[in-house]
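Position one of the first sequence corresponds to residue 28 (the working numbering), numbered consecutively onward.
Here is the structure we will look at.
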Amino acid sequence: MNATDVANIFEEIATLLELTGANPFRARAYQNAGRALESTTEDIEALVREDRLGEVSGIGKGLAASIVELVTTGSLKDYDELREKVPDGVLEILELPGLGPKRVRRIWEDLGVTNIGELEYACRENRLAALDGFGAKTQANVLKAIAFRMQGRDRHLYHRARAAAESILELVRAQSGVIRAEIAGSLRRHRETIGDLDILASATDDARSGIIDAFVQNDDVVDVIAHGSTKSSVRLKSGINADLRVVSDEEYPFALAYFTGSKEHNTVLRGRAKRDGLKLNEYGLFRENGESIPCEDESNLYRALGLPYIPPELREDMGEFDAAERNELPQLVTMDDIRGILHVHTNRSDGINTVEQLANAARALGVEYLGIADHSRSAFYAGGLSEDDVRAQWDEIDSVNEQLDGITILKGIESDITSDGGLDYDDELLSGFDFVIASVHSRLGMNEQEATTRLLRAVDHPATTILGHPTGRLLLAREGYPVDMARVIERCAERGVAIELNASPHRLDLDWRWCRRAREHSVVIAINPDAHSIDGLRDTEIGVAVGRKGWLERSDVLNTRTLDEFRAFANK
DNA sequence: GCCGTTTTCGGCCCGACTGTTTTCAGTCG
28 MNATDVANIF
38 EEIATLLELT
48 GANPFRARAY
58 QNAGRALEST
68 TEDIEALVRE
78 DRLGEVSGIG
88 KGLAASIVEL
98 VTTGSLKDYD
108 ELREKVPDGV
118 LEILELPGLG
128 PKRVRRIWED
138 LGVTNIGELE
148 YACRENRLAA
158 LDGFGAKTQA
168 NVLKAIAFRM
178 QGRDRHLYHR
188 ARAAAESILE
198 LVRAQSGVIR
208 AEIAGSLRRH
218 RETIGDLDIL
228 ASATDDARSG
238 IIDAFVQNDD
248 VVDVIAHGST
258 KSSVRLKSGI
268 NADLRVVSDE
278 EYPFALAYFT
288 GSKEHNTVLR
298 GRAKRDGLKL
308 NEYGLFRENG
318 ESIPCEDESN
328 LYRALGLPYI
338 PPELREDMGE
348 FDAAERNELP
358 QLVTMDDIRG
368 ILHVHTNRSD
378 GINTVEQLAN
388 AARALGVEYL
398 GIADHSRSAF
408 YAGGLSEDDV
418 RAQWDEIDSV
428 NEQLDGITIL
438 KGIESDITSD
448 GGLDYDDELL
458 SGFDFVIASV
468 HSRLGMNEQE
478 ATTRLLRAVD
488 HPATTILGHP
498 TGRLLLAREG
508 YPVDMARVIE
518 RCAERGVAIE
528 LNASPHRLDL
538 DWRWCRRARE
548 HSVVIAINPD
558 AHSIDGLRDT
568 EIGVAVGRKG
578 WLERSDVLNT
588 RTLDEFRAFA
598 NK
């Protein structure tokens, strides 16, 4: 049982406590402890063994005992008892927007409804609207939320959310009276999937309502969920919900910080303000006498609270305050730091462009080197390359390198990792590549031990340069196979193998939450687009965005290195 | 259930919006 497992159980206990009507602050204590555990980089078993759990802020005597019980026995009596009380379906009802713990409890206890299906039926029979405190509107909204959930569109991939948000931003910026406007919310924090869009604008007082009207009336809107004087909320054709807030320009920095979140980060920020005798909300920072402390931008706001500027990507209350206080915030990697693009498929396997086309496109993007990595022979479904194909591709690459100036094409391969953890070609052929990405594409159903052993063996192979998309997840579509990632990271550190942060918006694997652990072990991360076309090369940018969320600095990223440095890494 | 320059009890972040009320609880971010 690792720290994340315990954190997840604590999160669930918090939810269960809210649902069973326990003291809400007790629930919050579990939540806080869960987050504290998630952001600690210490090994939880060591903390238990050395009796150091009390050093973690948010963990007192009671929760320390629970953690010891969980780590040593694998279960927790209090948790089991709570789970016993609350049906799984009730937890799912809680995920519907508009229904929080109080109302779900009423639905469960007063209507005897224990899952979403029963709830839908109860709504159809008008039984929800008949409950005290509920009404026809609420019932209709619940039905809408159920329908939305059935379509599976309550979360969205980063690139789709980004595209939708940028189009709204453009619309908002075009309105008269708008002074500043920006994308806020989880998209600004570069989360890998997005719930809804938050757009913030500042404007003159007289222009506000016109801006909000333009927003809710635009052609992309299919449903207006809320339409107030400063906030409004709509559903777009794409199935994404979007919120627009309009504030005065003096309020803008405070509102931007506020609506960027995360909620957890904001809570700490306000708590710090309060400790300093100040009050922070989305409109300003105020002294006790009500006098406001003006800030022109977010940097000023953080400074006023005694902190350096914390980039949006880091605002998750996962250690950024500690780092900020010690002045150890990372200098996050940027697109300008990227010198090479690795993991690119050509039309020899399942890509659509030739080496030469890709090389020209990569050169136009300003990189020094391009690493071709088609599928290996076991990947029949993707047109994996036979030995002859490989040698033919090497000739092709040599000839493009001779013709093209300003960029170097590298000979790579995305070798399937076989079931037993081997690579796909013999050592002689493998030694002819400039680099080898080892990835799992088959037998995804292994248990954690089998899958981990398989990956460790692939990492041990002397030809492996980079471990590709280490969990195989497809965001919003498929869970990754279970892996003991801490062990994989440690092994990569020992073997000098890089780990891929696959920049495809469908993968973003390695998860950003593990990037910090990797850099603490000095494991280098390769931010690779896994491109199957010229357009796909640009996904590198999405990988950089999410890598920043994982605290990555330039020196942590393999493809920020010069060509010579990259070759040296791959050859060692 | 945690925590302490309001320190062993009594707090625990803040405000907009909605829908149901008839002054406010619940939810959300």
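Where is the CB? At the ideal position from N, CA and C, for every residue including glycine.
Under three-state DSSP, which class holds residue i?
| i | result |
| --- | --- |
| Ala-595 | helix |
| Tyr-285 | helix |
| Tyr-57 | helix |
| His-292 | helix |
| Gly-144 | helix |
| Ala-73 | helix |
| Tyr-279 | helix |
| Ser-376 | coil |
| Ala-553 | strand |
| Gly-584 | Reading off the sequence shown, one finds Val at residue 584, where the question assumed Gly. Strand, per DSSP. |
| Leu-359 | strand |
| Ser-605 | Beyond the ends of the chain as shown, which are 28 and 599, falls residue 605; an answer cannot be given. |
| Asn-354 | coil |
| Asn-308 | strand |
| Leu-412 | strand |
| Asp-536 | strand |
| Leu-590 | helix |
Cβ atoms of residue j and residue i: under 8 Å apart, would you say?
| i | j | result |
| --- | --- | --- |
| Arg-207 | Pro-339 | no |
| Pro-321 | Tyr-329 | no |
| Ile-561 | Ala-530 | no |
| Leu-503 | Arg-182 | yes |
| Arg-366 | Glu-395 | yes |
| Glu-547 | Val-510 | no |
| Val-251 | Leu-263 | no |
| His-488 | Leu-456 | no |
| Val-467 | Thr-491 | no |
| Gly-410 | Ser-446 | no |
| Leu-305 | Leu-312 | yes |
| Arg-588 | Asp-461 | no |
Quick check: what's the CA-CA separation for residue i versus residue j?
| i | j | result |
| --- | --- | --- |
| Leu-64 | Ala-34 | 6 Å |
| Gly-85 | Asn-374 | 54 Å |
| Asp-557 | Ile-440 | 11 Å |
| Leu-579 | Leu-494 | 17 Å |
| Leu-43 | Val-113 | 7 Å |
| Met-345 | Leu-359 | 16 Å |
| Ala-92 | Asp-105 | 11 Å |
| Tyr-285 | Arg-404 | 51 Å |
| Glu-152 | Leu-585 | 60 Å |
| Asn-598 | Met-28 | 37 Å |
| Val-463 | Ala-388 | 22 Å |
| Thr-220 | Glu-136 | 33 Å |
| Asp-443 | Arg-470 | 11 Å |
| Glu-38 | Val-427 | 54 Å |
| Leu-97 | Ala-191 | 43 Å |
| Ile-424 | Ile-239 | 54 Å |
| Ile-17 | Ser-259 | In the structure as shown, the chain begins at 28 and stops at 599. Residue 17 is therefore absent and cannot be evaluated. |
| Ala-56 | Leu-80 | 15 Å |
| Ala-167 | Arg-176 | 14 Å |
| Gly-378 | Pro-497 | 21 Å |
| Gly-288 | Pro-51 | 22 Å |
Tell me which residue opens and which closes the alpha helix (DSSP H) that residue i is part of.
| i | result |
| --- | --- |
| Ser-260 | Where Ser-260 is concerned, there is no enclosing alpha helix (DSSP H), although the beta strand (DSSP E) it sits in stretches over 258 to 263. |
| Asn-35 | 30 to 46 |
| Val-573 | 567 to 576 |
| Leu-341 | Element bounds for Leu-341: n/a, residue is neither H nor E. |
| Gly-89 | 88 to 100 |
| Leu-121 | 115 to 121 |
| Ile-516 | 512 to 522 |
| Ile-561 | Taken as a continuous stretch (DSSP letters only), Ile-561 belongs to no alpha helix (DSSP H), as it is neither H nor E. |
| Leu-392 | Premise fails: Leu-392 is in no alpha helix (DSSP H) and is neither H nor E. |
| Glu-152 | Run containing Glu-152: none; DSSP gives neither H nor E here. |
| Leu-109 | 104 to 112 |
In the DSSP assignment, find the beta strand (DSSP E) that holds residue i and state where it starts and stops.
| i | result |
| --- | --- |
| Val-273 | 268 to 274 |
| Arg-314 | 311 to 314 |
| Glu-441 | 435 to 443 |
| Ile-368 | 367 to 371 |
| Ile-399 | 396 to 402 |
| Glu-527 | 525 to 529 |
| Asn-327 | Here Asn-327 belongs to no beta strand (DSSP E); instead the alpha helix (DSSP H) covers 325 to 331. |
Continuous alpha helix (DSSP H) assignments of at least 4 residues falling wholly in the segment 186 to 260
For the alpha helix (DSSP H) assignment, the uninterrupted runs of no fewer than 4 residues enclosed by the segment 186 to 260 are, from N- to C-terminal side, 212 to 215, 235 to 243.
At what residue ranges does the segment 427 to 507 contain a whole run of the beta strand (DSSP E), taking only runs of 3 or more?
For the segment 427 to 507, whole beta strand (DSSP E) runs of length 3 or above, ordered along the chain, are 435 to 443, 462 to 466.
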